[in-house]
Amino acid sequence: RNDSDLYGAALSLWNSLEKNTSDDAVIRVFNPEVAKDGWQSSHTIVEIIAKDMPFLVDSVRMAMTRENIASHLLLHSPLKIQRDKNAKISAVSNLKAEQESSSTKTVFFIEIDRQTDSSVIDSFKKELESVLNDVSTAVEDWQPIRKKLIAVSKELPKRNHKNNASEVAETVEFLDWLVKDNFTLMGYRQYDLSPVQGDYQLKGKIESSLGLMKNSTEEHSRLLSELPEVARQEARSNNLLILTKTNSLSRVHRPAYIDYVGIKRFDDEGNVIGEDRFIGLFSSSFYNNSAADVPVLKSKINRIMEMCDFAKGTHAYKAVLNILETYPRDELVQARESELLEVAMGVLQVQERDMCRLFVRKDAYGRFFSCMVYVPRERYNTALRRETQSILATAFNSDDKVEFTTFFSESTLARTHYTVRVTDNNIEYNVKDIENNLVEAARTWEDKLQSALLES
């Protein structure tokens, strides 16, 4: 970069900052030309001037990743801006400076792969505009959403449910725990559940929407008969909480599937008549702290430990407890206690043995299969993981990329959690057959030679 081009880039960014006198974001995606702009670059330039908010940098990076656009330079800084009576910038400082400011802005200067197709440039700009709008909507409504969650927590003990006092207290403790920065609140909406011609209809109250829930303003209702049997039963059960994930990847903060916390509402007779639905993302404390520190999970694990019937303090008891404590946290939330017990006991049986095991859980809402695969850690490698992804995709008729997360511990087994997304998980499958295919994939050349010699 020569001095004149650096000066041109700085002047261009300054002019954008000078013009941005409102809280609205200014986004430019362009190829600078000497004749037009007074400077040039071998890259396409992205300039963003936006009101300083949490999640901006992460969300912009995520947008580039989704659009498969690589950045060669990404500079960003929050700045205090002071303007004179003519709205001209009179002073600029960092956030630590003790300077009065008219506004606080975050300024981005990004160099990306050169884009020559104007439609690609326009599409990327629209994506950035949409993302910044999502960030703004979520951040600006954070306080009202938080107040709503606190109000629901305080009101819950007064609702006409049929649950005992300990269940209610545990749920209130969990909601209060969420409020303490353990859940990034992004949206809220109230839903009504009402009988309709031999069925039940779940319908959102659009006027109650906060945060990202404001993005869907069309009235949308769903019949319970459209849901799988397990989900239908859950919707009308006495359980106070619904904990699951939505179908949507977050475009704010981090690219994870959005978490959904539903708190049921009841009529005078204790029948479910709707829910208060909050969406967002569990914070790092949810994933990194002990499960015993998370209300609801602590009691869930305690109930499973009582079901496994091992004496407290024994080797088997400690082993099962460790399996549950280190189990993928989202699975610990979504899986039923009977499912978790089956996995824990199954893993306990193979923990010190040289063998593969597969455990499959169907999502209650029909959206995916959760597959837990255990293999001897010395056999785990990238090639085996890719082969496993292919086997699972074929077995469950999935056209989507099979997501995975691998976990190594002091155990002789490596655990990989595969999520196989499908349009409908109400299909026939044989876990043992799939497991046999995985066992075959994990066999080494030496294993196959030994088998051949034994057979001969």
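Quick note on numbering: the sequence shown equals residues 1 to 456 in UniProt numbering.
Here a beta-carbon is modelled for each residue, glycine too, at the ideal position from N, C-alpha and C.
Residue i versus residue j: straight-line alpha-carbon distance, rounded
i, j, result
"N163", "D267", "14 Å"
"K245", "I150", "21 Å"
"Q82", "T104", "9 Å"
"L324", "A344", "7 Å"
"S12", "N31", "12 Å"
"E140", "T184", "13 Å"
"L17", "S130", "20 Å"
"M307", "E269", "32 Å"
"T388", "A441", "8 Å"
"Y418", "R361", "11 Å"
"S166", "Q334", "21 Å"
"S153", "S194", "23 Å"
"V29", "D58", "19 Å"
"Y7", "S118", "26 Å"
"D192", "F278", "14 Å"
"L223", "R232", "10 Å"
"K96", "T106", "14 Å"
"E111", "I434", "47 Å"
"A364", "D113", "42 Å"
"L340", "R353", "21 Å"
Contact set for residue i: own chain, Cβ-Cβ below 6 Å, skip 5 residues either direction
i, result
"T416", "V373, F404, T406"
"A138", "M186, G211, L212, V252"
"L449", "Per-residue confidence for L449 stands at a pLDDT of 49, beneath the threshold of 50, marking its modelled position as unreliable; the derived number appears in the next sentence. Same-chain partners within the cutoff: there are none."
"A35", "none"
"R443", "none"
"C356", "V375, L438, V439, A442"
Option in the options with minimal Cα separation from residue i
i, options, result
"N2", "E440, F408, Q40", "Q40"
"T412", "N381, R377, S194", "R377"
"S250", "A63, E67, S22", "A63"
"residue 471", "A414, F359, R236", "This structure cannot settle anything about residue 471, because the visible part of the chain is limited to 1 through 456."
"E275", "R367, Y188, K105, N302", "Y188"
"P228", "N426, N20, L392, S12", "N426"
"T44", "L11, V120, V92", "V120"
"K300", "K264, Y287, E337", "E337"
"L382", "L17, A414, K205", "Inspection of the sequence shows that residue 382 is occupied by Thr rather than by Leu. Ranking L17, A414, K205 by Cα distance to T382 puts A414 first."
"G198", "E167, S225, F174", "S225"
"S4", "V294, D37, S16", "D37"
"V261", "R254, E269, L241", "L241"
"W177", "F286, D192, D259, E207", "F286"
"K147", "L175, R232, H161", "L175"
"L348", "F109, L321, F369", "L321"
"V135", "A311, F396, D24", "D24"
"D52", "E234, V402, S22, K264", "S22"
"S390", "V168, V420, V92", "V420"
"V168", "K264, A395, R61, E428", "K264"
"R236", "T217, V294, I206, L202", "L202"
"S77", "A87, F109, N68", "F109"
"L243", "R329, V350, E67, D181", "R329"
"T423", "E410, V230, F282, A393", "A393"
"F124", "R61, P255, K312, A316", "R61"
Helix, strand or coil at residue i [DSSP, three-state]
i, result
"N381", "coil"
"L449", "Confidence at L449 is low in this model, with a pLDDT of 49, below 50, so the placement of that residue is unreliable and no value is reported for it."
"L13", "helix"
"P144", "helix"
"K96", "coil"
"E269", "coil"
"V26", "strand"
"P157", "helix"
"G8", "helix"
"S103", "strand"
"A35", "helix"
"C356", "coil"
"T326", "coil"
"M53", "coil"
"L223", "strand"
8 Å CB neighbourhood of residue i in its chain, flanking five on each side removed
i, result
"N215", "D134, T137"
Contacts around residue i, its chain only, beta-carbon distance under 7 Å, and the 5 residues preceding and following it disregarded
i, result
"V431", "L358, V360"
"K180", "none"
Proximity test, Cβ basis, 8 Å: residue i and chain D
i, result
"A442", "This model lacks chain D altogether, as it is built from one protein chain only."
Completely contained beta strand (DSSP E) runs for the stretch 160-206, where each covers 3 or more residues: Counting whole runs of 3 or more residues, the stretch 160-206 contains the beta strand (DSSP E) stretches 183-196.
For the stretch 232-305, list the beta strand (DSSP E) runs that are entirely contained and at least 3 residues long, ordered along the chain. Within the stretch 232-305, the runs of beta strand (DSSP E) at least 3 residues long that lie entirely inside it are, in chain order, 241-249, 257-266, 272-282.
Minimum length 3: unbroken beta strand (DSSP E) runs contained in the stretch 387-427: The stretch 387-427 is shown to contain whole beta strand (DSSP E) runs of 3 or more residues at 403-408, 413-421, in chain order.
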